[in-house]
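**Q**
There are 2 protein chains.
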Amino acid sequence: MTDERVEFSEISPSEFFYRNRDLAGFSSPSRALYSAIRELFENSLDACELYGILPDVFIRVTPLDLYTTDSDPKAYLIEVQDNGFGIPPKHVPKAFGQVFFGSKFQLKQSRGMFGMGGKMAILYGQITTNKPVSITTSVDGVQAFTFDILIDIQENAPIILKKSSHPAEGSTGTTVRLALNGDYQRASQKVREYFKQAAMVTPYANITFVDPYGRLIIYERGTKSMPPPSKEILPHPYGMDVEALRRLIRQSKEDIMVKFMSKSFHRVGDRVAKKFLDYVGFDQNRDPKSLSNDDITKFIRALHEYDNFLQPDASCLSPLGKENLMVGIEKELGPEFVAVATRPPSAYSGFPFIVEVGLAYGGKIIPSGTKLFRFANRIPLLYDEANDVSSKVINEVDWKRYKVPQNAPIAIITHICSTRIPYKTVGKEYLADRPELERELKNAVREALRKLKLYLSKKNSIAMVKRKLNIYSKYLPLIAKFSTELSGAKRLPRYDRLLNRKQIQGDREDDTEI
Amino acid sequence: MTDERVEFSEISPSEFFYRNRDLAGFSSPSRALYSAIRELFENSLDACELYGILPDVFIRVTPLDLYTTDSDPKAYLIEVQDNGFGIPPKHVPKAFGQVFFGSKFQLKQSRGMFGMGGKMAILYGQITTNKPVSITTSVDGVQAFTFDILIDIQENAPIILKKSSHPAEGSTGTTVRLALNGDYQRASQKVREYFKQAAMVTPYANITFVDPYGRLIIYERGTKSMPPPSKEILPHPYGMDVEALRRLIRQSKEDIMVKFMSKSFHRVGDRVAKKFLDYVGFDQNRDPKSLSNDDITKFIRALHEYDNFLQPDASCLSPLGKENLMVGIEKELGPEFVAVATRPPSAYSGFPFIVEVGLAYGGKIIPSGTKLFRFANRIPLLYDEANDVSSKVINEVDWKRYKVPQNAPIAIITHICSTRIPYKTVGKEYLADRPELERELKNAVREALRKLKLYLSKKNSIAMVKRKLNIYSKYLPLIAKFSTELSGAKRLPRYDRLLNRKQIQGDREDDTEI
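Protein chains in written order, with my numbering: chain B, 123 to 636; chain C, 123 to 636.
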């Protein structure tokens, strides 16, 4: 037997995702169109929010051949323009033309996580239409740069076809134009739903969408108060592994353990560091670079076992806030009743997270049954709901306990923000059921349900009081009349004060039970 | 504003998966243990089957510290040994220590698809236990090689700690030993279920599993007939994109279009190629290397529109076959009734696939309700069932039409084999709902249900006949007796011949309805 029967080969990261595009949500012309639009749009929001700029995002989808009468799937041009920070020109080619190169690899809350979405859109566009992506960007508002780029998939490297510079005329930000083979007819419902939900959680953004038929959909900014930009944090001891510890030791300039710990770890000061070093039995003045392989193993095990580290600080996170969530829900769903429950910060494997849950009941928009709206770091998640941790929680809650009538019109809105969302797919469709996440979600949903129960029971008792008053208002005049006659008095007693006339009259016409 | 506010960086493929291990099914100690076992086991089966070797696989999981009384999660040693083809020693370091290097990047049916699973197991083991992976392998049965390897995650490169060679004593194949932090207590149920289901679809394999308590579970080979090894095929025109076409042109030695097509595409001969070139309006003698950018775009569009290409040939696939599936189901589920439906080969985006469905009813093992067993290229899929295309199909089938009683004890087994399974996650948990796949699954499930309906209706009518005979057998003697008395005859008529005595007697005791 010779080696020839086993063929080994190496592929580039671009090649891997090119071959396995189902992984990133680019599995069909309709899905690819949807994914491309949302990935570019989310990059635009990040480019504004992370730098404290109120977002103004313009999205347009046009058939590439304007005169075509072909049915879908066909080539579409996608344009996404923002007023964000812009991209320094030296980084543009790699940022758009090289997989695993990007600005999303820090420990901080952002919509993007894998640095993959935009590149997958470009790659998919390139292989289906044979056209380059065009990027125009300016960081200073003075000079703008335009690049036309293709990706060399086998080499995972950008090919610059054209580069030019021109006056920016005062505006910073980035515009991306790319062509891809898409099916808008099938994607349109999801695309519109996506923007509607996105507007619900970014009420401080102006979003303008022009669809392929030229129809304009505008979500106007409802508030100028934007959550403060999220901050980068140090890693928490509970999230450490051997590899991460080695890297910290290599990078650190500190030469004693206690300083190394307090400078490298999130929420570890000298006092906590000393206590921990006592616990694990390491000299606090030892040089971290002197740790042997076995020392590192021992250190890591102790980090995970030690109970006295402080929980991650969530000030690096940027939740929606009760007000924003409430406003968003009322604006988009117009319900009869809203409750919002926000959990205190928590953590899984050293990553801080915050759960926010909204519950809307009744009104004209919400249909019968329970509808779930899922958000993660302010991204609406529309696909693969059945496997998501939120679905799991809602299925497991004991609804009867909260006396919610069957098929009541209810919308549940869940939002999770974290420095690291535990997505199960590169396409960011749904979240893993980490136990810590599940617990916080369950508590928030229960809290919201308790509020609904209170509201419903109040509503019921008011209805009951009204019904009683209705009965009184029918019989009291008769009783008054008879007793007046019996007593021989001439004037009826003033019983009408006993009834709150106004309230009863309003309801009488509808109330057919009596 | 300076560039410093935007930090760009490059990460290696190892780094990407190290950071995002949820993507590959390594999200918790229990899940990681499960995923590591199955990935190594599946690599072993591939290493046998792809070379026509009857698999003999030995798996052992042991607490790394044999004397520990610690509760889970804790460090476990996983050992997986096979009698497969072995790995040429020059390829060992990269095959185990470099992400995106491997032997699974061809267009042929195999369990592995991403070349990721084994490496994720090694990576996870390394970062949680700080230990190298150890690989022993022999391709010729004469000389064996042992490597101890760590992965340099930032560089995506193997670090060889130790290398040695020794006599193989006649046995080829590979043994992998790695340590990882796992939770067997939580994983055990899934692990055992996994092996049980794996045995169901590989009845020609000997599988030996020793669990951490030293308990031995053996699945013995039930047959020596193994499906023929799957073959590599050329790409089908329907699966082409611009990138793939460019590569084929670059690699091809043919200098006229008609030959280029017939040598590069699956199921395209000179005749089909000529017809297509007429259709698209290209000279059949043109040099493929002379195609311009626009020509390539035009060519690709035409490839997708043209209706007269032959469907992909499924002879490259290796389905289970009716017999094997039937045997597997009967062995593992012991049902009252089995039906198997196999669909003719079909294709999605140029990738051939075959759907096989088994339906088992009744017996002692299957509980009430419908239980789904999913397989893809002979891998049992145990996680994320709710989003799988098979779940979707089963939910959408009109069960009433097949007169299946509510809560009947039914197991549905679906197996899809393809040169490219459309997994939605790197962890190979579930399949995308490609319309072609959905259609074939639906047809197969319906076919199996029709068979069940027939069986159930036959069973009912037999029961009815029996019941009638039971009534006759009670009343006939009396009628005979009375009519004999009335007629004054002395001997009873021989009515017993009218009844099939034997059949009735057998049932009478159970039949309490009369």
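Virtual Cβ for every residue (Gly too), placed ideally from N, Cα, C. Since we're looking at a predicted model, the values are computed, not measured.
Is the number of C-beta pairs between the segment 469–488 of chain C and the segment 447–461 of chain C that are closer than 8 Å three or more?
**A** A contact exists between the segment 469–488 of chain C and the segment 447–461 of chain C.
**Q** Chain B beta carbons: is any one of them nearer than 8 Å to that of Y140(C)?
**A** Yes, its Cβ sits closer than 8 Å to a Cβ of chain B.
**Q** Using a Cβ cut-off of 9 Å, pull out every chain C residue sitting near G224(B), in sequence order please.
**A** Ordered by position in chain C, the residues that pass the 9 Å Cβ test against G224(B) are F130, S131, E132 and I133.
**Q** From the DSSP output, which residues share a beta bridge with P474(C)?
**A** Paired residue(s): A469(C).
**Q** Considering E445(B), what are the terminal residues of the alpha helix (DSSP H) in which it resides?
**A** From DSSP, the alpha helix (DSSP H) with E445(B) extends over K444 to L455.
**Q** Against E365(C), what residues of chain B qualify as contacts under a CB-to-CB distance less than 8 Å, listed in chain order?
**A** Ordered by position in chain B, the residues that pass the 8 Å Cβ test against E365(C) are Y140, Q248, I249 and I275.
**Q** If you measure between the beta carbons of A146(C) and G549(C), is that distance less than 8 Å?
**A** Contact: yes.
**Q** In this structure, does DSSP put V511(B) in helix, strand or coil?
**A** Looking at V511(B) - three-state DSSP - the assignment turns out to be helix.
**Q** Do you know whose CA, among L503(C), R542(C), R393(C) and Q433(C), lies nearest S440(C)'s CA?
**A** Out of L503(C), R542(C), R393(C) and Q433(C), R542(C) has the C-alpha closest to the C-alpha of S440(C).
**Q** I'd like the ranges of any alpha helix (DSSP H) spanning at least 4 consecutive residues and lying wholly in the segment 400–438 of chain B.
**A** Qualifying alpha helix (DSSP H) stretches, in chain order: 415–427.
**Q** For I282(C), count neighbouring Cβ atoms within 10 angstroms of its own Cβ and tell me buried if that reaches 16, exposed if not.
**A** Burial call: exposed.
**Q** My assumption, with CB atoms under 8 Å, is that T464(C) sits in contact with R496(C). Please give the rounded CB distance.
**A** At roughly 16 Å, the Cβ-Cβ gap does not stay under 8 Å, so T464(C) and R496(C) are not in contact.
**Q** Quick one: using the 10 Å Cβ neighbour count with 16 as the cut-off for buried, is G219(C) buried or exposed?
**A** Answer is buried; the Cβ neighbour count reaches 16.
**Q** For K353(C), collect the residues of the same chain with a Cβ closer than 7 Å to its Cβ; drop the 5 residues on either side in sequence, then sort them by chain order.
**A** These residues qualify, in order along the chain: K230 and C438.
**Q** Let's see if you can read the secondary structure: which residues bound the alpha helix (DSSP H) around G240(C)?
**A** Unbroken alpha helix (DSSP H) run through G240(C): G239 to T251.
**Q** Is the Cβ of A217(B) closer than 8 Å to any Cβ of chain C?
**A** Chain C contact via Cβ: present.
**Q** Are the segment 510–527 of chain C and the segment 171–178 of chain C touching, with three or more C-beta to C-beta distances below 8 Å?
**A** No: the two stretches stay apart, fewer than three of their Cβ pairs being nearer than 8 Å.
**Q** Could you work out which residue in I532(C), R556(C), V460(C) and V449(C) is closest to G472(C) when comparing CA atoms only?
**A** G472(C) has its Cα closest to that of R556(C), out of I532(C), R556(C), V460(C) and V449(C).
**Q** Quick check on L338(B): buried or exposed, where buried means 16 or more other Cβ atoms within 10 Å of its Cβ?
**A** Result: exposed.
**Q** Counting Cβ pairs, one atom from each stretch, are 3 or more of them under 8 Å apart for the segment 406–424 of chain C and the segment 361–381 of chain C?
**A** Touching, yes.
**Q** How do the segment 320–334 of chain B and the segment 179–189 of chain B stand: do at least 3 beta-carbon pairs fall below 8 Å, yes or no?
**A** Touching, yes.
**Q** For R162(C), tell me which candidate among T297(C), Q276(C) and D510(C) has the shortest Cα-Cα distance.
**A** Inspection of the sequence shows that residue 162(C) is occupied by Leu rather than by Arg. Out of T297(C), Q276(C) and D510(C), T297(C) has the C-alpha closest to the C-alpha of L162(C).
**Q** Among P151(C), K575(C) and R561(C), which one has its Cα closest to the Cα of Q307(C)?
**A** The residue with the shortest Cα to Cα distance from Q307(C) is P151(C).
**Q** Counting only the same chain and skipping the five closest in sequence on each side, list residues whose C-beta sits under 6 Å from that of K385(B).
**A** Excluding residues within five positions, the ones whose Cβ falls inside 6 Å are E376.
**Q** Alpha carbon to alpha carbon, what distance is there between D168(B) and P349(B)?
**A** For P349(B) and D168(B), the distance between alpha carbons rounds to 12 Å.
**Q** If I follow the unbroken beta strand (DSSP E) through A217(C), where does it start and stop?
**A** Looking at the DSSP string, A217(C) is not in any beta strand (DSSP E); the run it does join, the alpha helix (DSSP H), is V214 to G219.
**Q** Would you decide whether A197(C) is buried or exposed? Buried here means 16 or more other CB atoms lie within 10 Å of its CB.
**A** With 16 or more Cβ atoms within 10 Å of its Cβ, A197(C) is classed as buried.
**Q** What is the C-beta distance between A653(B) and V477(B), in whole angstroms, given that I count them as a contact (C-beta under 8 Å)?
**A** Only positions 123 to 636 of chain B appear in the structure, and residue 653(B) is not among them; the question remains open.
**Q** Measuring CA to CA, which of R143(B), I271(B) and L503(B) is closest to L300(B)?
**A** Out of R143(B), I271(B) and L503(B), I271(B) has the C-alpha closest to the C-alpha of L300(B).
**Q** Span of the beta strand (DSSP E) holding Q276(C)?
**A** It is not in any beta strand (DSSP E) - Q276(C) carries neither H nor E in the DSSP assignment.
**Q** Output, in chain order, the set of chain C residues within a Cβ distance shorter than 7 Å of L563(B).
**A** Within 7 Å Cβ-Cβ: nothing; L563(B) doesn't reach chain C, min ~17 Å.
**Q** Fully enclosed by the segment 280–325 of chain C, which beta strand (DSSP E) runs are 3 residues long or longer?
**A** For the segment 280–325 of chain C, whole beta strand (DSSP E) runs of length 3 or above, ordered along the chain, are 295–304.
**Q** With distance defined between alpha-carbon atoms, name the residue in E132(B), P135(B), S136(B) and S149(B) nearest to Y470(C).
**A** Y470(C) has its Cα closest to that of S149(B), out of E132(B), P135(B), S136(B) and S149(B).
**Q** In chain C, which residues lie less than 7 Å from F236(B) when you measure between Cβ atoms?
**A** What F236(B) touches in chain C: N142.
**Q** Near E137(B), which residues of its chain fall below 8 Å by C-beta distance, leaving aside the five closest residues on each side in sequence?
**A** Excluding positions up to five away in sequence, the list reads I275, Q276 and N278.
**Q** By Cβ distance below 7 Å, which residues in the same chain neighbour N142(B) in space, the five residues on each side in sequence not counted?
**A** Nothing listed; no residue qualifies.
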